[in-house]
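To convert, count from 1 in the sequence shown and add 110; that's the working numbering.
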Amino acid sequence: MKQALKAVIISIVVLLALLIIIPFTMVSRVETRLKTEINKNINSSVAWEKVSVSLLKDFPNVQVELTGFNIIGLGTFKEDTLLHVENIELSAQLFSVFSSDGLKIIEVNIEQPIVNAITRNQVNNWDIVNKNSEKKHSSKKENSGSKLVLNKFQINNASIIYVDENSHSKTSLSGVNLQLSGNLSAEESIVQLKSRVKELNVQQENVKYLSDANLTFDANILADTNTNKFTFKNNTLAINDLKMGFNGGVQILNEGFDINLQLKTINNDIKTILSLIPSQYLKDFESIQTEGNFDISANVNGVFIDSNSLPNFNFNVLVEDGRIAYSDVDDSIDDINVALKINNSGKILDSTKVSLEKLYFSISDNPFQGSFYLETPVSNASFVGGIDGVIDLKSVSDIVQFKDMELEGIVNSKIDFAGNKTLIDIEDYEALKINGNISFKGFSYSNSIMPYKIKVSEALMNINSETIELKQLKASVVNSDLSLNGSLSGYLPYYFKNSTLKGSLNHYSSSLNLNEILRKSKSVSESKKDSGVVEFGGIPRNIHLRLYSNIDKLTYDKLIVNKAKGVLVVKDSKLVIDRYNMNTLGGKIDIEGQYNTQNISKPYIDFVIGADKVDIKTMANSFTVVDSLMPVAKNAMGKISSDFKLRSKVNQDYTLNIASIKGGGTIKSDAVTVSNSKVLNQMADLLNKESYRTLTAKDIDINYEMRNGKIIVSPFSTNINGAKFTIQGEQGFDQSLNYVIAAPVSRKDVANAMGFFGGIVNQNGEDVIVDVLIKGSADNPKMSLDIAKAQKQLQNEVSEDTQKAIEELLEDDNIKKAVDDIKNKLGDFFK
Numbered sequence: 111m112k113q114a115l116k117a118v119i120i121s122i123v124v125l126l127a128l129l130i131i132i133p134f135t136m137v138s139r140v141e142t143r144l145k146t147e148i149n150k151n152i153n154s155s156v157a158w159e160k161v162s163v164s165l166l167k168d169f170p171n172v173q174v175e176l177t178g179f180n181i182i183g184l185g186t187f188k189e190d191t192l193l194h195v196e197n198i199e200l201s202a203q204l205f206s207v208f209s210s211d212g213l214k215i216i217e218v219n220i221e222q223p224i225v226n227a228i229t230r231n232q233v234n235n236w237d238i239v240n241k242n243s244e245k246k247h248s249s250k251k252e253n254s255g256s257k258l259v260l261n262k263f264q265i266n267n268a269s270i271i272y273v274d275e276n277s278h279s280k281t282s283l284s285g286v287n288l289q290l291s292g293n294l295s296a297e298e299s300i301v302q303l304k305s306r307v308k309e310l311n312v313q314q315e316n317v318k319y320l321s322d323a324n325l326t327f328d329a330n331i332l333a334d335t336n337t338n339k340f341t342f343k344n345n346t347l348a349i350n351d352l353k354m355g356f357n358g359g360v361q362i363l364n365e366g367f368d369i370n371l372q373l374k375t376i377n378n379d380i381k382t383i384l385s386l387i388p389s390q391y392l393k394d395f396e397s398i399q400t401e402g403n404f405d406i407s408a409n410v411n412g413v414f415i416d417s418n419s420l421p422n423f424n425f426n427v428l429v430e431d432g433r434i435a436y437s438d439v440d441d442s443i444d445d446i447n448v449a450l451k452i453n454n455s456g457k458i459l460d461s462t463k464v465s466l467e468k469l470y471f472s473i474s475d476n477p478f479q480g481s482f483y484l485e486t487p488v489s490n491a492s493f494v495g496g497i498d499g500v501i502d503l504k505s506v507s508d509i510v511q512f513k514d515m516e517l518e519g520i521v522n523s524k525i526d527f528a529g530n531k532t533l534i535d536i537e538d539y540e541a542l543k544i545n546g547n548i549s550f551k552g553f554s555y556s557n558s559i560m561p562y563k564i565k566v567s568e569a570l571m572n573i574n575s576e577t578i579e580l581k582q583l584k585a586s587v588v589n590s591d592l593s594l595n596g597s598l599s600g601y602l603p604y605y606f607k608n609s610t611l612k613g614s615l616n617h618y619s620s621s622l623n624l625n626e627i628l629r630k631s632k633s634v635s636e637s638k639k640d641s642g643v644v645e646f647g648g649i650p651r652n653i654h655l656r657l658y659s660n661i662d663k664l665t666y667d668k669l670i671v672n673k674a675k676g677v678l679v680v681k682d683s684k685l686v687i688d689r690y691n692m693n694t695l696g697g698k699i700d701i702e703g704q705y706n707t708q709n710i711s712k713p714y715i716d717f718v719i720g721a722d723k724v725d726i727k728t729m730a731n732s733f734t735v736v737d738s739l740m741p742v743a744k745n746a747m748g749k750i751s752s753d754f755k756l757r758s759k760v761n762q763d764y765t766l767n768i769a770s771i772k773g774g775g776t777i778k779s780d781a782v783t784v785s786n787s788k789v790l791n792q793m794a795d796l797l798n799k800e801s802y803r804t805l806t807a808k809d810i811d812i813n814y815e816m817r818n819g820k821i822i823v824s825p826f827s828t829n830i831n832g833a834k835f836t837i838q839g840e841q842g843f844d845q846s847l848n849y850v851i852a853a854p855v856s857r858k859d860v861a862n863a864m865g866f867f868g869g870i871v872n873q874n875g876e877d878v879i880v881d882v883l884i885k886g887s888a889d890n891p892k893m894s895l896d897i898a899k900a901q902k903q904l905q906n907e908v909s910e911d912t913q914k915a916i917e918e919l920l921e922d923d924n925i926k927k928a929v930d931d932i933k934n935k936l937g938d939f940f941k
C-alpha cells in the first residue's frame with residue numbers, strides 16, 4: 111500500500127513538473143504553427159509582442175496567449191494598422207498542437223481589439239486573404255487547418271472604425287462586447303449570441319446621421335451542423351429605443367446561402383424612431399409626445415449566391431395618423447402619413463423598385479406632401495417625384511426644439527422632377543424634367559457658435575434643369591444688409607460631373623459692417639485654434655462667377671469706404687478684382703488684380719493700386735501693413751496720390767507674408783507735414799535747429815521699390831521749410847533705417863559757430879549742404895553727420911585775396927594759435 115501511495119505521489123509530482131516544463135518547450139512549436147496558419151491565409155504584415163503557453167490554467171487543454179497582436183497593411187495601406195489586439199487567449203486540445211490535422215480550438219477570448227477599416231481609391235484595406243487560401247477553402251476536398259470545437263467565443267471592449275475616403279463617410283463603434291457560447295462541435299445545439307455597442311456613430315461630410323447610439327443584438331440560434339442550417343429563435347435587435355424582432359433561418363449551401371428571414375418592429379410607438387435623431391439636433395427628448403401607428407417590416411426569401419443571384423426581398427415603412435408635439439408647445443406636426451416600399455423580385459439588384467407612395471404632414475395648418483419612385487437602379491436609374499407645400503420653420507423649431515439652434519421663417523416650395531441616369535451620363539441635362547420654385551419669407555438662423563442672426567426678409571428662386579434663377583434675395587446680418595439677384599447655370603453637371611458652375615450676380619449693400627460680423631464670429635476661429643485645426647481653403651477651380659458689386663458704405667476695422675463699386679470674378683481658382691473703385695481716406699482708390707490659389711500651398715496676391723489725394727495719417731491708422739512699412743506715416747498730415755504694384759504670398763491665416771512682398775511705385779503730394787517724430791527730433795538736436803521738429807515737405811515726387819524685405823527709395827528732392835532737401839536710402843520691413851538726407855545749413859549758423867574765423871565767410875551766400883546719416887530703427891533712430899560736402903563748399907568759396915591775407919596773418923604766431931582754436935571749434939560743430 112505504501113509503495114502504491116508512493117508511486118502515486120511520485121507520478122503526481124512528475125506530472126506537475128511536466129505541466130510546468132512542457133509549455134516552455136512548446137512555445138517555439140506553437141509560434142511556428144501560428145505563423146504557418148496565418149501565412150496560409152493572410153497577405154499582410156502580421157506581428158505580435160509575445161506568445162505564452164500554459165497547461166496549468168485549462169488542463170488537459172493547452173492555453174495560448176498572444177500579446178500586442180497587429181496586422182498592418184501593405185502597399186497603399188502600409189502606414190495603416192488594420193487590427194490591433196491587446197490580448198488574445200485561446201484554448202485548444204493539447205494533442206492537436208502536435209497533430210498534422212490542425213489545431214482543435216475550444217475557446218477564444220479577445221481583449222480590446224481595435225479595427226481600422228479603410229476604403230481608399232476603391233480599394234479596401236481588409237482585402238488581405240490570400241487568393242490561394244481562398245481556393246483551398248472553397249475546395250470540398252481540402253480540410254481546414256483548424257477544427258472548431260468551440261464552446262465560447264468572446265470579444266471585450268472592442269473599437270471598430272470604418273472610413274470611406276471616396277464618399278467622405280465614417281462609421282464608428284466603441285465599447286463593443288460580444289459573447290457567443292454553445293457546443294458548436296455537436297450535431298445540433300443552441301448557440302447564444304449576446305452583443306452590445308455602447309456608442310454607434312454614422313457621419314458623412316459634416317452631417318451626423320447617428321450619434322452615440324446604443325445597439326444591442328441578442329439571439330438564440332439553433333445550429334444544425336449536419337445540414338449547416340441556423341435557425342433564429344427569440345431574437346431582438348435594438349438601436350436606442352427602436353426594437354425589432356428576427357425570425358427565420360439561414361442554411362449554408364455548397365454554393366451560396368438559402369435565406370428565409372423576417373424582421374418586424376416590436377414597439378410601434380413613433381417616439382422610438384425619433385430616438386435615432388442625434389442629440390445635437392434634438393433636445394428634451396423625454397418631454398416629446400407622439401400619437402399614431404409606426405411599423406417597419408422586412409422579408410428575405412430565397413438563395414443568395416452573388417450580386418447576380420439574389421433572393422426576393424422587401425422593406426416597408428408605414429406611418430399612419432402620426433402626431434409629434436412637446437407638452438409645453440402649442441404647435442404640433444399633425445397628420446403624419448408615410449408609405450415607403452422597397453421591393454425586389456429576385457435574381458438581380460436591378461429589379462429593385464423604390465416607391466415613396468405617400469409623404470404627408472401638416473404644421474400650423476400648412477400642408478406639405480411629396481412622392482418619389484425609382485426603378486432599374488443599376489442599369490439606368492429612372493426616377494420621378496416632387497414636393498409641394500409650406501413649412502413654418504418657427505413652428506418646426508418649437509416642436510422639434512433643435513439643440514443650440516434657432517430657426518424662423520416660411521418656406522414655400524413646389525418642385526417636380528423626372529429623368530434617368532443615362533441622361534446624366536451623356537450630359538443631356540435639358541432632357542431632364544425639373545421645374546419649380548422655392549421662396550423664403552421672414553427667414554432667420556442662429557446658433558450658439560454664431561450668436562447673431564442671419565436674416566432673409568424675402569427670397570425667390572426659380573429652378574429648371576439648366577439654371578437656378580435668383581429673382582431676388584434681401585438679407586441682413588446685424589446692421590449690414592445685402593441684396594442679390596442673378597442666375598447660376600450648369601448646376602447639374604457641376605454636382606454630378608464636377609463640371610464648371612457658371613453664374614452672374616448683382617450685389618448691393620447700403621451698409622456692410624465687417625467689424626460686427628467678424629467680431630461676432632471670433633468664437634468660431636478661436637474654437638478652431640483651440641482644436642488645433644487650421645482651415646485654409648482655396649478658391650474652387652470649377653466655379654466661374656461674376657459678381658457686380660455696389661456698396662454705399664463699407665466699414666472694416668477703422669476704415670470707412672463710401673461708394674465702393676466694381677466687378678469681382680471667381681474663375682480658375684482665382685478671385686480677380688476688375689477695376690474696383692471707392693471713396694475712402696478722404697480721397698479715391700482704384701484696385702485691380704487677383705488673389706490666386708491655383709497652387710494651394712503657395713497662394714498669393716498681385717494687385718495694382720491707385721490712390722488719389724488720400725489722407726496719409728488716416729491710411730496709416732487704418733491699415734496695419736502701412737504702419738509696418740511706413741511708421742512715420744502716423745506722424746504725418748497731408749494728402750498723397752500714389753500708383754503702385756503689390757505682390758505677396760498669403761499666410762495660412764490670410765495675412766500677407768511681409769518678407770515676400772514685392773512691388774513699388776510712386777508717391778506724390780503737394781505738401782506733407784511731419785511732427786513728433788523721433789527721427790526729426792534727433793535731427794533738430796544734431797543740427798541745432800528747433801524748426802526741424804516739425805517739417806513741411808512740398809512738391810513731393812517719390813519713386814520706390816519693394817524687394818528683399820526692404821523699401822528702396824530713389825533719390826528725390828523736396829522743398830522743406832523753404833529749403834531744398836535731397837533724400838535717398840532704404841528701410842526694412844522690420845523698420846530698420848538706412849537713409850541719407852542732404853540738408854542745408856545757413857552760412858550764418860556756420861559763421862556763428864566759427865567765431866573769429868566766421869568773419870571771412872560770406873554770410874549772404876547759399877546754405878552749406880550737410881549729409882545727415884540715419885541708421886537704427888524707427889523706434890530707436892541713430893543719427894550722425896557727414897561734413898565732406900560742407901568742407902569742400904567752403905574751401906571753394908574763399909577768394910585768392912582772402913587766402914593770401916590769411917597766409918600773411920598766419921605768419922604771426924599769436925594769430926596762428928587763434929586760428930587753430932577756431933579749427934578745433936569747427937571740427938566739433940561737424941562731428
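By construction, the Cβ of each residue, glycine as well, lies at the ideal position given by its N, Cα and C atoms.
#1: Taking the straight line between their C-alpha atoms, what separation do you get for F423 and S481?
#2: Are the beta-carbon atoms of K744 and A721 separated by less than 8 Å?
#3: In the region 399-438, which residue ranges form an unbroken beta strand (DSSP E) of at least 3 residues, counting only runs that do not cross its ends?
#4: Can you say whether P421 is buried or exposed, counting buried as having 16 or more other CB atoms within 10 angstroms of its CB?
#5: Compare the Cα-Cα distances from F606 to each of G185, I670, Q314 and E537 and report the closest residue.
#6: Nearest to N261 by alpha carbon, out of L624, D877, K820 and S299?
#7: Output yes or no for whether 8 Å exceeds the beta carbon distance between L685 and Q704.
#8: Based on the DSSP output, what are the partners of P891 in its beta bridges?
#9: Does DSSP put Y849 in a helix, in a strand, or in coil?
#10: Going by other Cβ atoms of all chains shown within 10 Å of its Cβ, with 16 needed for buried, is K250 buried or exposed?
#11: With a 10 Å radius around its C-beta and 16 neighbouring C-beta atoms as the bar for buried, classify E199 as buried or exposed.
#12: State the beta-bridge partners of Q173 as determined by DSSP.
#13: Taking the alpha-carbon positions, what's the L434 to D379 distance?
#14: Are the beta-carbon atoms belonging to V410 and I369 less than 8 Å from one another?
#15: Name the two residues that bound the continuous alpha helix (DSSP H) containing S505.
#16: Over what stretch of residues does the alpha helix (DSSP H) that includes V789 continue unbroken?
#17: Is it the case that the region 559-579 contacts the region 530-545, given that we only count it when at least three CB pairs across the two stretches are under 8 Å?
#18: Can you determine whether any heavy atom of the ligand GTP sits closer than 7 Å to the C-beta of N761, and answer yes or no?
#19: Any idea what DSSP makes of N364, helix, strand or coil?
#20: With a Cβ-Cβ cutoff of 8 Å, do S614 and R656 count as a contact?
#21: For V566 and K584, which I take to be in contact (beta-carbon distance under 8 Å), what is that distance rounded to the nearest angstrom?
#22: Please classify K744: does DSSP put it in a helix, a strand, or coil?
#23: Mind reading off the beta-carbon distance from L611 to L598? Whole number of angstroms is fine, and I expect it under 8 Å.
#24: Return the chain-ordered list of same chain residues with a C-beta closer than 8 Å to the C-beta of D460, the five sequence neighbours on each side being excluded.
#25: Looking at the secondary structure, which residues open and close the alpha helix (DSSP H) in which L533 lies?
#26: Just verifying my parser: in three-state terms, what is the DSSP assignment at E540?
#27: In or out: K276 buried (at least 16 other Cβ within 10 Å) or exposed?
#28: My output table needs one value for I627: the three-state DSSP class, helix, strand or coil.
#29: Looking at the structure shown, is K727 part of a helix, part of a strand, or coil, going by DSSP?
#30: With distances taken from CA atoms, which of V718, K727 and F527 is nearest G773?
#31: Thinking C-beta only, is N672 closer than 8 Å to N706?
#32: Can you tell me where the alpha helix (DSSP H) holding Y764 begins and where it ends?
#33: Starting from F327, trace the beta strand (DSSP E) in both directions and tell me its first and last residue.
#34: Look up F843 in the DSSP assignment and say whether it is helix, strand or coil.
#35: Check whether the Cβ atoms of V823 and Q838 lie closer than 8 Å to each other.
#36: Could you compute how far the alpha carbon of I270 sits from the alpha carbon of I182?
Here's the rundown:
#1: 22 Å
#2: no
#3: 422-436
#4: buried
#5: E537
#6: S299
#7: yes
#8: G886
#9: strand
#10: Model confidence at K250 stands at a pLDDT of 43, short of 50, so the residue's coordinates are unreliable; what they give is reported in the following sentence. Its Cβ having fewer than 16 others within 10 Å, K250 is exposed.
#11: buried
#12: In DSSP, Q173 forms a bridge with S164 and S201.
#13: Here the sequence assigns Ile to residue 434, which means Leu is not the residue at that position. Their backbone Cα atoms lie some 11 Å apart in a straight line.
#14: One thing to note: V410 has its Cβ within 8 Å of the Cβ of I369.
#15: L503 to V510
#16: Its alpha helix (DSSP H) spans residues K788 to L797.
#17: yes
#18: With respect to small molecules bound, the structure shown includes none, and the ligand GTP cannot be examined in it.
#19: coil
#20: yes
#21: 7 Å between Cβ atoms; contact.
#22: helix
#23: 6 Å
#24: A distance below 8 Å between beta-carbons, with the five flanking residues on each side excluded, links D460 to the following residues of its chain, in chain order: T486, P487, V488 and S489.
#25: Per DSSP, L533 belongs to the alpha helix (DSSP H) from K531 to D535.
#26: helix
#27: Checking the displayed sequence, the identity of residue 276 turns out to be Asn instead of Lys. So N276 counts as exposed.
#28: helix
#29: helix
#30: V718
#31: no
#32: Under the DSSP assignment, Y764 falls outside any alpha helix (DSSP H); it carries neither an H nor an E label.
#33: Counting along the chain, the beta strand (DSSP E) containing F327 begins and ends at V317 to D334.
#34: coil
#35: The answer is yes: Cβ separation under 8 Å.
#36: 15 Å
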